[in-house]
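Residue numbers (the working numbering), protein chains in the order written: chain A, 689 to 1004; chain B, 689 to 1004.
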């Protein structure tokens, strides 16, 4: 059976997967990301790792369909990366960089959130669906959009940036982008902890969170599950804002399913229950609620989706 | 050359066009919409009109590629129409209704706003583009979305319903859908006139509009062009809200171009200038402004797009 490599390039590490054409993951490993020289070391490392894996596993050059890569920044419809802050790269075609290091092997590049959505469609929570929005609640809020089975990049590679329009017009604190009241500030892991701390200051209600020197999202959602007032207030506010953002996007693309991934998704079904409750109150036209589910592949969604890009290209 | 029929079914009249395959409009006519019997008379009339035209123009059955139809309501991905209030139809497959009246001729159905967007891509303001949002400022605010050259319907046929999420959270008046502060109430022809009247009451500034017993959108935009304070305040508020809505959708689908059509578009370039000014103040991530243009085909966009659906199906 043919082989595909899926690569998920992050700011801290690079995840690599060797797949069979049918999606079976044969090998999975990761290396550190060496951010310097406009990404040259990243491309060198990826090429080196894949060659080495091919040698180790006796994979012939002719059996490799290609290498798919997810990148943590905007990728436009021409596969051009204008700027990717996390990798320290500007004005580059990563496809060309990798393909020339691999003797002309087929390479396909995509934005990491979009690629993860493709992975979930292929082997995760959205199997059988063709129109998906995956929102990732991690350090920030990103999202990947699939329409008619294909990644939507957008003219500037900014499709799916639902973290960056105003959801709470009363919020005055600034988002990293300069705007205010954005989901990126509110529904990310950072955002949720930030609001929990703010509510602990503003609200005198008893909370187990006050007893902790520091707490993370798991502590917060555990407390919410036990009925902790501040934890519940935080999740209701932050996930209420997310639900509002999902309702807005439903009025734009009306997807088959919403998937929730990223660090916050570790909170599990509680998170979905809260989002669903608020989502309904923001809908007027929809005859029924669109399904909202947890993403299934976790950190592996990126390598799965990256590999799938190669299959999709093959079928072009 | 082969022939295609494009039909735009509205609540008041049905527009029909006979096209050559290359998009040349050979004949254009319209009839009244007879809303009764779950649309049966509409389908009868369309079939009768097309047969008659074929006879008149000696068009052979074999040279007709098909009939495309735009409908003023949601059409889902299975071409099912659950409810179309303007035509008084529920739970029907209009494709089947027309095709059975035309001896099995190929028929394709779409939502009117989406179909108009396709028309503008084919022969209007968005030629050469593959990713489009056309917003129609008429009785209400509708929009049609094309991604990768194809209409986006959405699971419930509600993709492009950007008229129905909250843009002005301070507005307390209700939209027809039950929500508040929606573009449908604010940037439609009805909305703009409503706000002009409200501002005339609230604001004591001089305005030529006060002297008129009644005024329409052309009066209003003419006044704005001459610097009338209330007219300008109205357009700035209403088109400012539209710009905010476009900026939101840019963060979801990041289209190649925005087109503005419908009755309000008769205001011309002034409208675009105002929208562009406000659009910029709502963008944080975009490296450059997405093009915003007036739609070119006016009321004919629907028949053009309807015909194009048949060509696209042929190429499937």
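Where is the CB? At the ideal position from N, CA and C, for every residue including glycine. These figures come from a predicted structure and were not determined experimentally.
message: Does any residue of chain B have a CB that is nearer than 8 Å to the CB of residue 865 of chain A?
response: yes
query: Any beta-carbon of chain B closer than 8 Å to the one on residue 919 of chain A?
result: no
query: Between the segment 987-997 of chain A and the segment 706-723 of chain B, do at least 3 Cβ pairs fall closer than 8 Å?
result: no
query: Beta carbon of residue 1014 of chain B, beta carbon of residue 917 of chain B: below 8 Å?
result: Look at the range of chain B in this structure, 689 to 1004, and you will see that residue 1014 of chain B is not part of it.
- request: Give the C-beta separation of residue 734 of chain A and residue 769 of chain A to the nearest angstrom, bearing in mind that I take them to be a contact with Cβ-Cβ under 8 Å.
  value: Rounded to the nearest angstrom, the Cβ distance from residue 734 of chain A to residue 769 of chain A is 15 Å, too far for a contact under 8 Å.
Simplified DSSP assignment, three categories, for residue 716 of chain B: Here residue 716 of chain B sits in strand by DSSP.
- request: Can you tell me which of A:976, A:984, A:967 puts its alpha carbon nearest to the alpha carbon of residue 845 of chain B?
  value: By alpha-carbon distance to residue 845 of chain B, the top candidate from A:976, A:984, A:967 is A:976.
field: Rounded C-alpha distance that separates residue 788 of chain A from residue 781 of chain A
entry: 11 Å
task: With 8 Å as the threshold, decide whether the Cβ of residue 887 of chain B is near any Cβ in chain A.
output: no
task: Using alpha carbons as the reference points, say which of A:690, A:799, A:971, A:753 lies closest to residue 863 of chain B.
output: A:971
- request: Starting from the beta carbon of residue 770 of chain B, find every residue of chain A whose beta carbon is closer than 8 Å, and list them in chain order.
  value: 975
- request: Anything in the segment 836-849 of chain B with a Cβ closer than 9 Å to a Cβ of chain A? List those residues in chain order, please.
  value: 836, 838, 840, 841, 842, 843, 844, 845, 846, 847, 848, 849
- prompt: Hey, how far is the Cα of residue 742 of chain A from the Cα of residue 786 of chain A?
  reply: 16 Å
- request: Please name the residue or residues paired with residue 979 of chain B in a DSSP beta bridge.
  value: BP columns for residue 979 of chain B point to B:945.
task: Can you have a look at residue 895 of chain B and say buried or exposed, based on whether 16 or more other CB atoms are within 10 angstroms of its CB?
output: So residue 895 of chain B ends up on the buried side.
- prompt: Within this structure, are the beta carbons of residue 799 of chain A and residue 759 of chain A separated by less than 8 Å?
  reply: yes
query: Quick one: Cα of residue 821 of chain B to Cα of residue 812 of chain B, how far?
result: 13 Å
- prompt: Less than 8 Å separating the beta-carbons of residue 830 of chain A and residue 807 of chain A?
  reply: With a cutoff of 8 Å on beta-carbon distance, residue 830 of chain A and residue 807 of chain A are scored as not near each other.
message: Residues of the segment 930-941 of chain B in Cβ contact with chain A at a cutoff of 7 Å, in chain order, please.
response: 935, 936, 937, 939, 940, 941
Where residue 860 of chain A meets chain B, residues with beta-carbon distance less than 8 Å: Result: empty, since nearest Cβ-Cβ is about 15 Å, beyond 8 Å.
query: So residue 872 of chain B is in the alpha helix (DSSP H); what residue range does that whole segment cover?
result: 871-874
field: Buried versus exposed, by CB contacts within 10 Å (16 or more), residue 978 of chain A
entry: buried
field: CB-CB length for residue 937 of chain A against residue 940 of chain B, believed under 8 Å
entry: Sure, about 5 Å apart at Cβ, within 8 Å.
message: Residues of chain B with CB closer than 8 Å to the CB of residue 944 of chain A, please, in chain order.
response: 843
- prompt: When the cut-off is 8 Å and only beta carbons count, does residue 778 of chain A lie next to chain B?
  reply: no
field: DSSP bridge partner residues for residue 752 of chain B (one or two, in chain order)
entry: B:691, per the DSSP bridge assignment.
- request: Kindly say whether residue 782 of chain A, judged by its beta-carbon, lies nearer than 8 Å to any beta-carbon of chain B.
  value: no
message: Please identify, using Cβ separations under 7 Å, the residues of the segment 946-968 of chain B that lie next to chain A, in order along the chain.
response: Going along the segment 946-968 of chain B in chain order, one finds no residue with a Cβ nearer than 7 Å to chain A.
- prompt: Just by C-beta distance, which residues in the segment 975-998 of chain B are closer than 8 Å to chain A?
  reply: 975, 976, 978
Among B:838, B:910, B:703, B:756, the one whose alpha carbon lies nearest that of residue 956 of chain B: B:910
- prompt: What in chain A is Cβ-close to residue 857 of chain B, meaning under 7 Å?
  reply: 857
task: With DSSP collapsed to three states, give me the class of residue 840 of chain B.
output: coil
- request: With distances taken Cα to Cα, identify the nearest neighbour of residue 919 of chain A among A:860, A:886, A:933, A:945.
  value: A:886
message: Residues of chain A with CB closer than 8 Å to the CB of residue 882 of chain B, please, in chain order.
response: Within chain A, no residue comes near residue 882 of chain B; the closest Cβ sits about 19 Å away, beyond 8 Å.
message: Output needed for residue 779 of chain B: all residues of its chain with C-beta closer than 7 Å, excluding positions within five of it in sequence on either side, in chain order.
response: 770
field: Identity of the residues DSSP links to residue 799 of chain B by a beta bridge
entry: Paired residue(s): B:759.
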